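Chemist: Chains A and B, in that order, are what the protein sequence lines are. Residue numbering for the first sequence is 1 to 477, as defined by full-length UniProt numbering. Residue numbering for the second sequence is 1 to 355, as defined by full-length UniProt numbering. Note that the Cβ used here is the ideal one computed from N, Cα and C, for glycine as well. Quantities reported herein were computed from a predicted structural model and do not represent experimental measurements. One structure is given below, represented as structure tokens, and several questions about it will come after.
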Amino acid sequence: MKVDIQHLKKIVGPENASDDVAELYIYGSDASVHQAMPDAVVRPGKTEEVQEVMRYANKNKIPVIARGSGSGMSGHAVPIDGGIVMDMKRMNKILDIRIEDVLCVVQPGVIDDDLNRVLRPKGVFYPPTPASSRVATIGGEIANNASGLRSVKYGATRDSVLGMKVVLANGDLVTLGSNTRVEASGYQLARLMVGSEGTLGIIVEATLRLTPVPKFKAMAMAKFNKLEDAGKTITAVMTSGITPSVLELMDNVAIKAVNTALNMGLPDVEAIIMFEADGRIKAAVEADMNDIEEICEANGAFGIEMSDDPKEMTRIFSGRKKLFAALSRYQKGLSCTSLADDMAVPNSKMAATVQEIVDVGKRNNVVMTAYGHCGSGVVHTKILMDTTKPGQWDNARKAVSEVYDFVRKVGGTTSGEHGIALSKAPSWKKEKKDSLEMMRAIKKALDPNNILNPHKMMDAPDDWVKATDLRYTTKVQ
Amino acid sequence: MKTKHLKDWENELDICIRCSYCFEDCPIFKELGWESSSARGKILFAYGFLHGELEPSEFIAKRVFDCTLCRLCKEKCSAKVDITEIIEACRADLAKEGFVLPGHKEMLENIVATGNIFGDKEARAPVQDGETPLFIGCQYLARPNRTKGWIKLLEKMGVKPKIVEETCCGFPMKALGDREKLEKQKKDFKKKFPFKEAITLCPTCAAFLKEDYDIDAKHVINVVLEKLGGLKPKSVGKKVTYHDPCDLGRSLGVYNQPREVLSKLGVELVEMKGNRNLSNCCGGGGGMLVSDVPVSDRIADKRVKEAVDTGADLLVTACPTCEQVLSKASARMSEKGQGSIKVQEMFDLLWNAVK
Chain A
1 MKVDIQHLKK
11 IVGPENASDD
21 VAELYIYGSD
31 ASVHQAMPDA
41 VVRPGKTEEV
51 QEVMRYANKN
61 KIPVIARGSG
71 SGMSGHAVPI
81 DGGIVMDMKR
91 MNKILDIRIE
101 DVLCVVQPGV
111 IDDDLNRVLR
121 PKGVFYPPTP
131 ASSRVATIGG
141 EIANNASGLR
151 SVKYGATRDS
161 VLGMKVVLAN
171 GDLVTLGSNT
181 RVEASGYQLA
191 RLMVGSEGTL
201 GIIVEATLRL
211 TPVPKFKAMA
221 MAKFNKLEDA
231 GKTITAVMTS
241 GITPSVLELM
251 DNVAIKAVNT
261 ALNMGLPDVE
271 AIIMFEADGR
281 IKAAVEADMN
291 DIEEICEANG
301 AFGIEMSDDP
311 KEMTRIFSGR
321 KKLFAALSRY
331 QKGLSCTSLA
341 DDMAVPNSKM
351 AATVQEIVDV
361 GKRNNVVMTA
371 YGHCGSGVVH
381 TKILMDTTKP
391 GQWDNARKAV
401 SEVYDFVRKV
411 GGTTSGEHGI
421 ALSKAPSWKK
431 EKKDSLEMMR
441 AIKKALDPNN
451 ILNPHKMMDA
461 PDDWVKATDL
471 RYTTKVQ
Chain B
1 MKTKHLKDWE
11 NELDICIRCS
21 YCFEDCPIFK
31 ELGWESSSAR
41 GKILFAYGFL
51 HGELEPSEFI
61 AKRVFDCTLC
71 RLCKEKCSAK
81 VDITEIIEAC
91 RADLAKEGFV
101 LPGHKEMLEN
111 IVATGNIFGD
121 KEARAPVQDG
131 ETPLFIGCQY
141 LARPNRTKGW
151 IKLLEKMGVK
161 PKIVEETCCG
171 FPMKALGDRE
181 KLEKQKKDFK
191 KKFPFKEAIT
201 LCPTCAAFLK
211 EDYDIDAKHV
221 INVVLEKLGG
231 LKPKSVGKKV
241 TYHDPCDLGR
251 SLGVYNQPRE
261 VLSKLGVELV
271 EMKGNRNLSN
281 CCGGGGGMLV
291 SDVPVSDRIA
301 DKRVKEAVDT
311 GADLLVTACP
321 TCEQVLSKAS
331 ARMSEKGQGS
341 IKVQEMFDLL
351 WNAVK
């Protein structure tokens with residue numbers, strides 16, 4: 001069905017809808033390897049406009065794909081079946097901050113860092129903090145159940161969302177969750193929306209639980225000559241009774257990349273782990289840091305540097321937050337691709353996993369890196385390869401498959417925080433094989449015409465390479 | 001579409017992972033909101049052309065030329081992709097296909113006809129013999145009194161400027177995509193300005209002379225910093241905020257020098273929210289001043305608002321375009337009752353302190 005652009009312009013205003021082929025091209029990709037053209041883009045400014053667009057789309061069975069900043073790495077916002085891309089960035093108001101209730105209410109287009117810039121002076125913050133927090137929208141983070149550097153202590157998005165307003169496929173507006181920290185009964189529908197990747201509804205408002213800003217913070221950086229030792233250290237810290245607020249691993253590939261791209265001056269060793277501890281009492285933070293230092297040393301760390309200088313801590317963590325893009329500078333001729341990406345594994349399997357990632361890369365003649373919020377079990381990797389060579393894509397496909405086979409074998413999960421969408425669907429479907437029908441039933445109940453971000457997650461194609469055109473010109477078979 | 005210029009950036013375009021970090025503070029994207037107006041949008045257009053996935057159109061040309069070339073996108077890019085250079089290459093390929101915006105066309109023709117962007121046939125550099133080549137540049141040719149002032153100040157500091165009959169450095173031709181005219185202009189420039197070192201009054205000229213002519217070009221503020229002490233300047237005693245011109249800051253890395261000069265003038269310096277490498281643009285670069293005045297104005301208004309928010313008495317900058325654009329913005333805001341601040345070029349402060 002052809003999209004009636006004039007009708008959409010009537011709903012959102014002529015300046016907020018487009019079917020110009022150039023605009024469609026831009027909205028056809030995100031930070032993943034995928035691209036596909038939508039038929040129209042709309043930029044609603046209020047809930048009623050979202051409802052009206054959904055009523056139109058549902059009646060005419062046109063796909064609708066909600067989009068924040070398009071920083072997703074798995075193809076969430078890529079309109080695999082065309083349709084209407086709904087850019088939510090105009091709905092970017094912080095509607096309410098209720099310090100006495102330790103919550104805030106925001107529209108979906110609010111940028112994470114913008115929200116925290118407003119919250120922190122009030123003594124609270126919204127903790128998920130993905131590395132992309134400078135551009136990521138709250139709506140995108142909820143749809144993706146994002147987490148980040150501080151998830152080891154403060155949890156993922158799901159742990160900070162109390163409730164939300166959602167426009168359903170038929171245009172109905174529903175209020176889910178509550179304004180309270182606990183809510184006992186009924187299906188946890190707000191939680192169902194978290195991580196649903198735009199397949200169940202369009203989030204138009206979110207009530208977020210806030211966390212007091214800790215008074216004291218300190219960080220340490222431990223160096224390792226063996227990646228495996230770093231992995232063992234992570235397991236040891238996480239079973240020691242300490243909950244660090246940050247526990248980040250970077251292997252040598254990651255270190256070299258940020259040093260090259262950003263002149264960070266990180267030590268050129270096999271691996272580093274960055275720790276942060278925070279709290280209300282300085283002595284308690286110091287005690288945690290001292291214990292962490294002892295554990296590191298017992299597991300082969302050397303040259304441990306500690307700091308409580310806020311500027312230095314910001315500098316070091318900013319290098320980590322910029323790592324994804326910086327990886328493209330690891331070696332001339334190699335580009336950073338987001339394929340196998342953000343798996344999570346049980347604590348005890350950390351050392352084996354980070355080593356396996358590097359070994360899989362070597363076996364398949366591509367460079368792979370291991371880094372991530374390993375305290376919460378998330379191990380990131382990227383495949384660095386010459387994207388102009390079809391053979392490299394074959395290698396990458398094999399490497400992706402081997403990494404995920406390993407992750408499932410050790411009881412891990414395909415995605416710890418970046419979501420499934422297209423790139424990770426093949427592995428995830430194997431992992432979730434006995435619950436896929438349950439998910440499809442939920443999807444069908446809420447979206448009988450299958451218009452909300454169709455053919456993602458459980459309904460995504462089995463071969464990610466063939467799911468869409470890839471953003472690279474090399475034709476991959 | 002032929003992509004002669006974009007071809008050089010093929011690898012760099014593969015380095016870009018499209019993370020969108022570049023549009024965090026992109027001034028154009030902040031105003032227009034559509035992702036096609038963002039730095040990433042322009043990168044995607046470049047990619048689309050290069051790989052035959054897009055054909056040029058007036059819409060795309062407008063989007064690609066809607067850029068102040070402020071380089072904040074590169075600053076924000078974690079892979080340090082040279083986004084501005086890619087945008088300029090994209091403009092060059094679009095221009096070759098005939099996509100040139102009317103205001104830009106006039107500016108380029110002016111340079112060919114008169115040697116300056118304003119098409120002012122009477123504009124002449126105040127030729128004089130001396131020791132150190134001084135390049136005046138189009139903006140200061142249009143401000144003869146200010147130019148005389150700078151020359152006087154330099155002489156007071158013991159510099160003997162050598163000034164020749166000059167022609168535009170050609171930067172607008174690169175920025176606006178006319179590479180054929182640029183090559184001819186460069187030949188003409190080299191004949192008229194055959195020096196290995198130079199002082200320039202305009203930051204953009206300094207950056208371009210350095211990058212494209214391999215001239216050891218110094219912006220005048222560097223010279224002032226070296227020599228000012230000898231003049232024993234009087235204390236200005238004001239609260240000042242400093243606007244980093246994009247080409248002086250992000251192109252040349254000159255951040256401390258103007259601040260040190262201000263410190264020698266005894267001002268109380270207060271920084272705006274965006275400063276140094278993260279300074280926000282004045283809105284006047286990249287051809288926007290003639291091709292999209294309303295957007296350029298809105299960007300300038302925001303920058304003045306930042307300055308007003310500091311509580312400073314004066315907004316000082318070291319670029320003639322920035323001064324002009326910000327002054328107008330301040331007047332506009334004053335008319336609307338949205339607060340205003342006096343805008344001055346560094347010269348005014350310096351001259352008052354040493355005259």
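Can you tell me whether M86 of chain A is helix, strand or coil according to DSSP?
Modeler: strand
Chemist: Can the beta-carbon of G68 of chain A be found closer than 8 Å to that of G109 of chain A?
Modeler: yes
Chemist: Identify the continuous alpha helix (DSSP H) that holds residue 361 of chain B and give its terminal residues.
Modeler: For chain B, the structure presents residues 1 to 355; residue 361 of chain B sits outside this window and is missing.
Chemist: Check C104 of chain A in the structure and name its three-state DSSP category.
Modeler: Assignment of C104 of chain A by DSSP, reduced to helix, strand and coil, places it in the strand class.
Chemist: Where in the stretch 1 to 29 of chain A do unbroken runs of the alpha helix (DSSP H), each at least 4 residues long, occur, reported from the N-terminal end onward?
Modeler: 5 to 12 and 21 to 26
Chemist: Taking Cβ positions only, does K424 of chain A come closer than 8 Å to chain B?
Modeler: no
Chemist: Give a yes or no on whether the C-beta atoms belonging to D129 of chain B and M1 of chain B are separated by under 8 Å.
Modeler: no
Chemist: State buried or exposed for V182 of chain A, treating a residue as buried only when at least 16 other CB atoms are found within 10 Å of its CB.
Modeler: exposed
Chemist: Do the CB positions of M458 of chain A and K424 of chain A come within less than 8 Å of each other?
Modeler: no
Chemist: Once you ignore the five residues that flank P346 of chain A on each side, which residues in its own chain have a CB closer than 6 Å to its CB?
Modeler: G411
Chemist: Does any residue of chain B bring its CB to less than 8 Å from the CB of V135 of chain A?
Modeler: yes
Chemist: Express the C-alpha separation of K217 of chain A and N290 of chain A in angstroms, rounding to a whole number.
Modeler: 13 Å
Chemist: Can you look up G158 of chain B in the DSSP assignment and give me helix, strand or coil?
Modeler: Here G158 of chain B sits in coil by DSSP.
Chemist: Mind checking whether S20 of chain B and G70 of chain A have CB atoms under 8 Å apart?
Modeler: yes
Chemist: Flag this pair as yes or no: are the beta carbons of L315 of chain B and V270 of chain B separated by less than 8 Å?
Modeler: no
Chemist: Select from the stretch 112 to 123 of chain A all residues with a C-beta closer than 9 Å to any C-beta belonging to chain C, and list them in chain order.
Modeler: Any reference to chain C falls outside this structure, whose protein chains are A and B.
Chemist: At the level of alpha carbons, what is the spacing between L247 of chain A and A370 of chain A?
Modeler: 14 Å
Chemist: Answer with yes or no whether the minimum CB distance from E23 of chain A to chain B is below 8 Å.
Modeler: Closer than 8 Å: yes.
Chemist: Can you tell me whether DSSP reads D297 of chain B as helix, strand or coil?
Modeler: The answer is helix: DSSP assigns D297 of chain B an H, G or I state.
Chemist: Rounded to whole angstroms, what is the Cα-Cα separation between V64 of chain B and D247 of chain B?
Modeler: 20 Å
Chemist: Identify, in the order they occur along the chain, each residue of the same chain with its Cβ nearer than 7 Å to the Cβ of I99 of chain A, setting aside the five sequence neighbours on each side.
Modeler: Cβ within range, chain order: K122 and V124.
Chemist: Please list the segments of the alpha helix (DSSP H) lying wholly inside the stretch 224 to 301 of chain A, counting only runs of 4 or more residues, in order along the chain.
Modeler: 227 to 238, 252 to 262 and 282 to 298
Chemist: Check whether the stretch 414 to 422 of chain A touches the stretch 350 to 361 of chain A, counting contact only when three or more Cβ pairs, one atom from each stretch, lie closer than 8 Å.
Modeler: no
Chemist: Is S133 of chain A helix, strand or coil by DSSP?
Modeler: coil
Chemist: Looking at the strands, I want to know which residues DSSP matches up with R158 of chain A.
Modeler: Answer is none; R158 of chain A lacks a bridge partner.
Chemist: Looking only at its own chain, which residues have a Cβ that is under 6 Å from the Cβ of V308 of chain B, when we skip the five neighbours before and after it?
Modeler: G339 and I341
Chemist: What do you get for S185 of chain A, buried or exposed, if any count of 16 or more other CB atoms within 10 angstroms of its CB means buried?
Modeler: exposed
Chemist: Short of 8 Å Cβ to Cβ, which residues in the stretch 272 to 285 of chain B face chain A?
Modeler: With the criterion set as a beta carbon lying under 8 Å from some beta carbon of chain A, the stretch 272 to 285 of chain B has no members that meet it.
Chemist: Would you list the residues sitting across from Y371 of chain A in a DSSP beta bridge?
Modeler: Listed as beta-bridge partners of Y371 of chain A by DSSP are A:M250 and A:H380.
Chemist: Within a Cβ cutoff of 8 Å, which residues of the same chain sit near K74 of chain B, ignoring the five residues on either side of it in sequence?
Modeler: C22, K80, V81, D82, I83, T84 and R250
Chemist: May I have the straight-line CA-CA distance separating A77 of chain A from Q51 of chain A, to the nearest angstrom?
Modeler: 19 Å
Chemist: Below 8 Å on the Cβ atoms is my contact criterion, and I expect V325 of chain B with A300 of chain B to pass it. Report the Cβ-Cβ distance as a whole number of Å.
Modeler: 5 Å
Chemist: Is the beta carbon of H243 of chain B closer than 8 Å to that of C205 of chain B?
Modeler: no
Chemist: At a Cβ threshold of 8 Å, is R124 of chain B touching chain A?
Modeler: no
Chemist: I need the straight-line Cα distance from N16 of chain A to A46 of chain B, nearest angstrom please.
Modeler: Between the alpha carbons of N16 of chain A and A46 of chain B lies a gap of roughly 24 Å.
Chemist: Would you call the stretch 51 to 61 of chain A and the stretch 128 to 139 of chain A in contact, with 3 or more CB pairs under 8 Å?
Modeler: no
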